[in-house]
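As they're listed, the protein sequences go chains A and B.
Note that the working numbering gives residue 339 to position 93 of the first sequence, counting from 1, and the numbers run on in steps of one.
Note that the working numbering gives residue 223 to position 95 of the second sequence, counting from 1, and the numbers run on in steps of one.
Before any comments, here is the structure.
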Amino acid sequence: MKPNRRIFTVLAASALAAGLAAPSLAAELEAIESAGSVKIGMLVDFPPFGIQDTSGKPDGYDADVAKALADYLGVTPEIVPVTGPNRIPYLLSGQVDVLVASLGITEERAQKVDFSTPYAGISIAVYGDSTLEVTEASGLDGQSIAVARASTQDTGVSEVAPEGTDIRRFDDDASAVQALMSGQVKLIGASNVVMSQIAGATGDRFDKKFDLSSQVQGIAVAPGSDALLEKINGFVGEARSDGTLDEIHEKWLGEPLPDFVKNAE
Amino acid sequence: MYQFNFQPVFDNLDLLLYGAWLTVRLSLMAMILGLIVSVLGAVAKTSGIRPLRWLIDVYVEVIRNTPFLVQIFFIFFGLPAAGISMSPNVAALVALVINVGAYGTEIIRAGIESIPQGQVEAGRALGLNPVQIFRYVILKPALRNIYPSLTSQFIYLMLTSSVVSVISANDLASAGADLNAQTFASFEIYLVLTILYFLLAFGFSTMFSAIRRIFFTYPAGR
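Take a look at the structure:
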C-alpha cells in the first residue's frame, strides 16, 4: 500500500499548492448580489480620503463613495480596513471584492488589477496670495515659493521654475504651509488635499495659480470581474453626473469634484 | 549588501563646499555679533542698575530654558504676525545671535565676577580711568579666564547652526539634504557631511587657539 499512499500525498500536496498559488480570485457580481453584501477595502490612514471617525469606524471620502457604491449595487457595504502595501494583495486573494482605497491609476497597477473610471484625484498645483498675478511658470521669476523638500511638488516646481525663482525647501508640508500663512513666502507648491485643509482657516486669502501635475484614483477589482466592473463604471458615471461625487468631494475637500477627474477616462 | 556609490557626492562636491562656506559665514557672523551681545549683557548684569539686571535675567533665563528649534520657529513663523518679517538666512542669524548671546552673557559674567576687587582697586591706584579699568583690568583678564568655555560655546553654535534648514535657510546641512533628496545616497552624503562638520569644528578650534596665543597669553601685551 506504500506507493498508493505516496501518490496520495503528492496529490494532496499539489492540490494544496494549487490552492495557495491560485491566481487572483475574480469577484462575481451574482455572488455579491446573492450574499447581499459587498466587501470593500479602504484605507483608514489617509485623510481626508480614508480616516476613522471618533468611534473607530472608517470614514472619509472613500467611505462615503463605498456606501454610495453599495447602495447602487443594492447590497450592504462591509468595509474592510486595508493598508497601502497590502491593499492589492487583499483584492487579489479575494478577501475584499472591491477596493475604494485611493488607489492611484498607474501603468504597473493596471497590469495587476482592473480599474474603473476615475472617482477621485489629487492634483499638485502652485497656490498663492490672491492679490498676486501669476498664471504660469514664467511668473515665478523673482518670487519666493515654499515646497516640502523632495516631494512631488518640489520636483514639479523645480522643473518649471525659471532661473530667478527663490525655491524655499522645508522639511514637510506643514512647515511650507506655515511659511505661506505667516507671509514669509507668497507662493506654495502643494496638493489640493493640503490646500483644502487650510482653506477653512484662510478663506479666500489664497487661490490656485496654475497646475503642475495630477493623479487620478480608480475603484479597483480583481482581473476577470468584468460584470462587476461594468456595474461599477455605471455607478461612477452616474455619480459624476448626478452630483453625488461633487457633494461628497465638497464635504471632505471643500470643492466639487475637480474637472481633471471628471474629464478623465 | 549595500552598494557604496560616492559618485553623486563627488559630482556635487562644489554644492557641499558652498554649503560649508555658508555655514562658516553664518557661524562667524553669529560669533562676532554674539560676542558683542554677550559682553553688553554681562556688563548690564554686573552693573548696579536693577531694572537692566532684571531685563538681562529674563532674557538669559528664557533663552537658556527653551529649545533652539522653538526659538528659530518663533522668530521665523511667529514674528511676522507682529509685523517683523525676515528672510530665512537673516532669521537664522538673528536666532543664533540671540541664542549664543544668552549663554555668552552668563559665561562672561562669571569671568567678570572672577576678577578680585583688589585688582580693580590696583587699577584705580595706578590712575586708570573707568573705561581703561574695564578694558584692561576687568574684561581682558575675564575673557582669558573663561576663554575655553566661551570658545566651546562658539563651536557648539556652529554645530547647532545645522538646524537652520528647518526654516529653509541655506547651510551645509541643507545642501546635504537637497543632495540627498535628489540622489538618495544618504549614507555617502551624511558621511561626507560628518567629515566636513568635523573639519569645520577643528578649523574653528585651531583658529581659537591661535587667537588665544596672540591676545591672551602672559605677559599680557597691548
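Built from N, CA and C at the ideal position, the CB exists for glycine as well.
What is the DSSP secondary structure of residue i, reduced to helix, strand or coil?
| i | result |
| --- | --- |
| A:Lys497 | helix |
| A:Lys432 | coil |
| A:Thr322 | strand |
| B:Phe134 | coil |
| A:Arg451 | coil |
| B:Val225 | helix |
| A:Asn509 | coil |
| A:Asp457 | strand |
| A:Val342 | coil |
| A:Leu503 | coil |
| B:Ile339 | helix |
| A:Ala394 | strand |
| A:Ala273 | coil |
| A:Leu289 | strand |
| B:Tyr242 | The sequence given here places Ser at residue 242 of chain B; Tyr does not occur at that position. Coil, per DSSP. |
| A:Ala268 | Low per-residue confidence applies at A:Ala268: pLDDT is 45, beneath 50, and the placement is therefore not dependable, though the value from the model is reported in the following sentence. Of the three classes helix, strand and coil, the one that applies to A:Ala268 here is coil, per DSSP. |
| B:Pro258 | helix |
| B:Pro276 | helix |
| B:Val167 | helix |
| A:Ala366 | strand |
| A:Asp488 | coil |
| A:Phe361 | strand |
| A:Val380 | coil |
| A:Pro408 | coil |
List the residues that DSSP assigns as beta-bridge partners of residue i.
| i | result |
| --- | --- |
| B:Met157 | Answer is none; B:Met157 lacks a bridge partner. |
| A:Gln399 | Answer is none; A:Gln399 lacks a bridge partner. |
| A:Leu349 | A:Gly464 |
| A:Gln298 | A:Pro304 |
| A:Tyr373 | A:Ile434 and A:Lys454 |
| B:Phe196 | DSSP, once it has assigned bridges, lists no residue as partnering B:Phe196. |
| A:Ser283 | A:Thr322 |
| A:Phe416 | A:Ala394 |
| B:Phe204 | Beta-bridge pairing links B:Phe204 to no other residue. |
State the Cα-Cα distance for the pair residue i and residue j, rounded to the nearest angstrom.
| i | j | result |
| --- | --- | --- |
| A:Ala396 | B:Thr311 | 10 Å |
| A:Phe416 | B:Asp299 | 13 Å |
| B:Gly211 | A:Met427 | 13 Å |
| A:Asn479 | A:Ser283 | 19 Å |
| A:Arg355 | A:Leu338 | 12 Å |
| A:Pro502 | A:Leu491 | 8 Å |
| A:Gln389 | A:Val431 | 8 Å |
| A:Pro269 | A:Tyr365 | Any answer about A:Pro269 is weak, because its pLDDT of 49 lies below 50 and its placement is not dependable; what the coordinates show is given next. When rounded, the distance between both Cα atoms is 27 Å. |
| A:Ser384 | A:Asp412 | 13 Å |
| B:Arg341 | B:Ala301 | 32 Å |
| A:Ala392 | A:Pro293 | 22 Å |
| A:Ala468 | A:Gly306 | 24 Å |
| A:Ala420 | A:Asp400 | 14 Å |
| B:Gln199 | B:Ile191 | 8 Å |
| A:Phe309 | B:Val186 | According to the sequence shown, residue 309 of chain A is Ala rather than Phe. If I take the Cα positions, the gap works out to 53 Å. |
| A:Glu324 | A:Leu275 | 15 Å |
| A:Ala447 | B:Asn227 | 32 Å |
| A:Ala273 | A:Asp505 | 31 Å |
| B:Leu285 | B:Met159 | 8 Å |
| A:Gly320 | A:Ala277 | 13 Å |
| A:Ser437 | A:His495 | 15 Å |
| B:Leu141 | B:Ala305 | 13 Å |
Which whole-angstrom value is the C-beta distance of residue i and residue j, which I expect to be below 8 Å?
| i | j | result |
| --- | --- | --- |
| B:Gly162 | B:Val225 | 5 Å |
| A:Val328 | A:Leu289 | 6 Å |
| A:Gln463 | A:Ser348 | 5 Å |
| B:Ala329 | B:Thr233 | Actually they do not touch by this definition, with Cβ atoms about 23 Å apart. |
| A:Ser471 | A:Asp360 | 7 Å |
| B:Glu241 | B:Thr174 | 7 Å |
| B:Leu324 | B:Leu144 | 7 Å |
| B:Val320 | B:Val137 | 5 Å |
Between residue i and chain C, is the shortest Cβ-Cβ distance under 8 Å, so that the two count as touching?
| i | result |
| --- | --- |
| B:Ile236 | Considering every chain present, this structure includes no chain C. Its protein chains are A and B. |
Along the segment 356 to 387 of chain A, where does the CB come closer than 8 Å to a CB of chain B? Name the residues. Nothing from the segment 356 to 387 of chain A brings a Cβ to less than 8 Å from some Cβ of chain B.
Practice task
With 8 Å as the C-beta to C-beta threshold (strictly closer), list the residues of the segment 391 to 421 of chain A near chain B in chain order.
Solution key: The residues in question are Ala392, Arg395, Ala396, Asp400, Arg414, Arg415, Phe416, Asp417 and Ser421.
Discussion item. Tell me which residues of the segment 298 to 314 of chain B have at least one Cβ-Cβ distance to chain A shorter than 7 Å, keeping chain order.
Written reply: Hits within the stretch, in order: Ala305, Asp306 and Ala309.
- Residues of the segment 202 to 227 of chain B with Cβ closer than 9 Å to any Cβ of chain A, in chain order: Against chain A - using a Cβ distance shorter than 9 Å - the residues of the segment 202 to 227 of chain B are Phe204, Phe205, Gly206, Leu207, Pro208, Ala209, Ser213, Met214, Ser215, Pro216 and Ala219.
So if I threshold CB-CB distances at 7 Å, which residues from the segment 280 to 300 of chain B count as touching chain A? Taking 7 Å as the Cβ-Cβ cut-off, the segment 280 to 300 of chain B approaches chain A at Val294 and Ser296, given in chain order.
message: Using a Cβ-Cβ cutoff of 9 Å, what residues of the segment 420 to 446 of chain A are near chain B? List them in chain order.
response: The residues in question are Ser421, Ala422, Gln424, Ala425, Met427, Ser428, Gly429, Gln430 and Val431.
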